[in-house]
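Structure first, then comments.
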Amino acid sequence: MSSVFHVLEEEFERLNEAKNAYEAAIKREKQGAPQIKRVGNKDYLYLARRLGEKIKFHYVGRVEDKNTRAIFESVKNRREYEGLLKGVKNDIKEVKKALRGRKI
1 MSSVFHVLEE
11 EFERLNEAKN
21 AYEAAIKREK
31 QGAPQIKRVG
41 NKDYLYLARR
51 LGEKIKFHYV
61 GRVEDKNTRA
71 IFESVKNRRE
81 YEGLLKGVKN
91 DIKEVKKALR
101 GRKI
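To convert, note that position 26 of the sequence shown is 26 in my numbering; the numbers rise steadily by one, no gaps.
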């Protein structure tokens, strides 16, 4: 039985390392949801973020700029990392239960 627990402990350590890596990757990416606003005949990109109970809009630039494409890509990457992090957290929870001797 100890070999099973040894494997579970290794899996637990691996999952914690993955969790830390995903959290670091999420912090590197842009925070907020991209919002496109039309002023006159031009479209502008803003990042909407919640600060407390208020939503703040941070101006990024015109939609046609190269910088805005990078913002969209960064937000897309952050959302992918958040999904992966959610899965890793669920796996950590299951491994913790197994290490305590509960059924999964």
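From the three backbone atoms N, C-alpha and C, an ideal C-beta is built for every residue, glycine too.
Would you list the residues sitting across from valine 39 in a DSSP beta bridge?
-> On the sequence shown, residue 39 is found 39 positions in, with the first residue counted as 1. Note: valine 39 sits in a beta bridge opposite Lys42.
In this structure, does DSSP put valine 60 in helix, strand or coil?
-> Against the sequence shown, residue 60 aligns to sequence position 60. Residue state, collapsed to three classes: strand.
Is lysine 54 helix, strand or coil when you go by DSSP?
-> On the sequence shown, position 54 is the one that residue 54 refers to. Lysine 54: strand per DSSP, three-state reduction.
Exposure label - glycine 61; buried when at least 16 CB within 10 Å | Taking the first residue of the sequence shown as 1, we reach residue 61 at position 61. Glycine 61 comes out exposed.
Kindly say whether glutamine 35, judged by its beta-carbon, lies nearer than 8 Å to any beta-carbon of chain B.
-> Structure shown: chain B not included; a single protein chain is present.
Report buried or exposed for glycine 32, applying the criterion of at least 16 other Cβ atoms within 10 angstroms of its Cβ.
-> Position 32 of the sequence shown holds residue 32. Glycine 32 is buried by the Cβ-count criterion.
Could you please give me the residues that DSSP links to arginine 49 through a beta bridge?
-> Counting from one through the sequence shown, the residue named residue 49 turns up at place 49. Lys56.
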